[in-house]
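Sequences listed follow chains A and B, in order. Residues in the first sequence are numbered consecutively from 233, following our numbering. Residues in the second sequence are numbered consecutively from 233, following our numbering. Comments concern the structure below.
Number of protein chains: 2
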Amino acid sequence: MSTIDRQAGMKKTMDFVKKTYKDQVIDYIYQLLLSNGLQPGDQVKESWLAQQMGISRAPIREAMKELMMNGLLDYRPQVGNFIPVLLPKQIVDCYTTRGILEGYAVMSVCDSFQAEELQRLDHYVDAMGSAAREQHHKRVVEIGGDFHDFMTNKNENVQLLEYTNRLSLKLHILFCRYWGRLYTPAEIEQRHRAIVAAIRSLDKDQIEKVVRQHYLETGTKIAALQEVSSDSAA
Amino acid sequence: MSTIDRQAGMKKTMDFVKKTYKDQVIDYIYQLLLSNGLQPGDQVKESWLAQQMGISRAPIREAMKELMMNGLLDYRPQVGNFIPVLLPKQIVDCYTTRGILEGYAVMSVCDSFQAEELQRLDHYVDAMGSAAREQHHKRVVEIGGDFHDFMTNKNENVQLLEYTNRLSLKLHILFCRYWGRLYTPAEIEQRHRAIVAAIRSLDKDQIEKVVRQHYLETGTKIAALQEVSSDSAA
DNA sequence: ACCCTGTCTAATGTCGACAATCGACCGACA
DNA sequence: TGTCGGTCGATTGTCGACATTAGACAGGGT
């Protein structure tokens, strides 16, 4: 039993450290996925996780349910949970759907962007370009996430944001391994600048079109990258 | 212990009767919601359900997790699960989001509709009008569901359909009590005919616009209906 | 009268054990 | 040799009990 480390120290900075085991399990699986400790097709066994973390299977199951509903685990009744293996078409579909949701999210609030907010978006794009040129892929993704959040979170449609964020997380977790192999620094800047430009134009059709197109292309690229890596594996 | 009725008869038509308790719990909660046995704001206690169904809390929790992830239960840690109480704006938001998803789902496959498929859609609309005029509200909803499925399921974007169907189910379960109070029979026919007409026109922008508008208006109406009913309750 | 505090209760969170079931393995038979 | 059927192991499904915690309630201090 290794419940020692919990509740021990760790009360300095945050008042709300992870409380329930369920949340810890979720973070642990995220970590495993992001570090390629778990790969597509792998079975994630409850008892294995329970042993790894020194807890019982109950909170593990709670966490797996949540991951499953967010598309981060494939569930086969009476068999187990597996890291999903997405066909190229399914990858493109996921990004397409993301484009639909985020395109609308941004479009429907484009009128409310203040000049300083648009500048802030510009700043994010600059920073992404710099980070990309310095090969700081992780930083690119972080800033990209901020850019994305800042744009979409102006919208107050909770249902829309729920789906948007779920899908965003899913794609982030499942395809992190292709970061940095998608676009050149110049392309990263140009693509995001096109989105900001569309917002500035206040042309709603154009905004949706640009965002959809962006994700369609990104999805297509990732699908292609996965295909070659699975070919080489076979 | 009332596990008698399980596995008893009921093997004629379906080979796959409900197997796990979890699925039975989900159906049971659906029933309770649809029959107003559970109302918005009510707490759904695990032990109560466990006693009601004669099973332990484990499968109940499995089911509640799923319902929660589908937006059919509000979860408050360490407190419990509640039937969601949606503010008018949130209702509109849900329908808006549904319009976005379904509008795209239909638009992106509009070219593939064959003449006979379009006729089938016409037939659904006719049938809905007839049922509505005969006050068969339940039948209207059933046919409406068929119409909806037939249109959207032509799309093969699994991610898109997943969200579409989740949201469709959520709205179906939560707002069933307003069926029949939304539109006149003539309006029902006219509104759905407009959608089919848009598909026939192959004008993609128009298709998305019509579907979005349809759900926006429906959501607005339901939000208004809920507001008056909650006013009268207060 | 108001608020702060300690207790108490009822609900969720977690546990270890047992049951049911899927899939792999292996041997018998055509 | 290939296929069918039974056995077996590993994994999920379910159970009842215990631990923990949010919220209600009462009592005392101001």
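Ideal Cβ placement from N, Cα and C applies to all residues, glycine included.
- N397 (chain A) carries a helical assignment under DSSP once its states are collapsed to helix, strand and coil.
- In the DSSP secondary-structure assignment, D306 (chain A) is bridged to A:F314.
- Under the Cβ criterion of 8 angstroms, Y262 (chain B) is not counted among the residues facing chain A.
- Looking only at B:T329, B:R409 and B:F379, the smallest Cα-Cα distance to L448 (chain B) is reached by B:T329.
- None of the residues of the segment 263 to 279 of chain A has a beta carbon lying less than 9 angstroms from any beta carbon of chain B.
- Going by beta carbons, V443 (chain B) and L353 (chain B) fall outside the 8 angstroms limit.
- Your pair L318 (chain A) and V276 (chain A) does not check out as a contact, with CB atoms roughly 16 angstroms apart and the cut at 8 angstroms.
- Taken through DSSP and simplified to helix, strand or coil, Q275 (chain A) comes out as strand.
- For I287 (chain A), there is no enclosing alpha helix (DSSP H), as DSSP marks it with neither H nor E.
- With fewer than 16 other CB atoms across the displayed protein chains lying within 10 angstroms of its CB, L434 (chain A) is exposed.
- For N389 (chain A), the closest Cβ of chain B is nearer than 8 angstroms.
- Distances from the alpha-carbon of V460 (chain A) to those of A:P320, A:Q283 and A:I261 put A:P320 closest.
- Residue-level contact by beta carbon fails for E449 (chain B) and chain A, as no gap is shorter than 8 angstroms.
- W411 (chain B) carries a coil assignment under DSSP once its states are collapsed to helix, strand and coil.
- Approximately 6 angstroms separates the beta-carbon atoms of E440 (chain B) and Y336 (chain B); this is inside 8 angstroms, confirming the contact.
- At a C-beta separation below 9 angstroms, T252 (chain A) has these neighbours in chain B: P309 and Q310.
- Cβ atoms of K254 (chain A) and A295 (chain A) come within 8 angstroms of each other, at about 5 angstroms.
- When 7 angstroms is used as the limit between beta carbons, Y356 (chain A) is near no residue of chain B, the shortest such separation being about 25 angstroms.
- Counting only the Cα atoms, E366 (chain B) lies some 27 angstroms from E348 (chain B).
- Between the segment 354 to 365 of chain A and the segment 411 to 424 of chain B there are fewer than three C-beta pairs closer than 8 angstroms, too few to call the two in contact.
- Shown in chain order are the members of the segment 322 to 354 of chain B whose Cβ falls below 8 angstroms from a Cβ of chain A: Q322, D325, C326, T328, T329, I332, L333 and Y336.
- Setting aside the 5 residues that flank it on each side, I332 (chain B) is surrounded in the same chain by R444, each with a C-beta closer than 7 angstroms to its C-beta; the list follows chain order.
- With distances taken between CA atoms, D274 (chain B) lies nearest to B:R308 out of B:Q351, B:R432, B:R308 and B:A363.
- For Q391 (chain B), the number of other beta carbons within 10 angstroms of its own is at least 16, and it is reported as buried.
- Taken atom to atom, the span from the alpha-carbon of I287 (chain A) to that of Q346 (chain A) is near 50 angstroms.
- Nearest C-alpha to L265 (chain B) among B:L299, B:R289 and B:I292: B:L299.
- Sequence-ordered contacts of the segment 363 to 377 of chain A with chain B are nonexistent [C-beta pairs closer than 8 angstroms].
- What Y395 (chain B) touches in chain A, judged by beta-carbon distance under 9 angstroms, is T329, L333, Y395, R398 and L399, going in chain order.
- Between N302 (chain A) and K402 (chain A), the CB-CB gap stays under 8 angstroms.
- Residue state for K386 (chain B) is assigned as coil, using DSSP reduced to three classes.
- Between the alpha carbons of A430 (chain A) and H380 (chain A) lies a gap of roughly 15 angstroms.
- Taking the Cα positions, Y410 (chain A) is about 53 angstroms away from A418 (chain B).
- Secondary structure at T416 (chain B): coil, using DSSP grouped into helix, strand and coil.
- Annotated three-state conformation of T452 (chain A) is helix, per DSSP.
- S279 (chain A) and R289 (chain A) have their alpha carbons spaced roughly 6 angstroms apart.
- Cβ contact annotation for L270 (chain A) (same chain, cutoff 6 angstroms, sequence separation greater than five): L264 and I315, in chain order.
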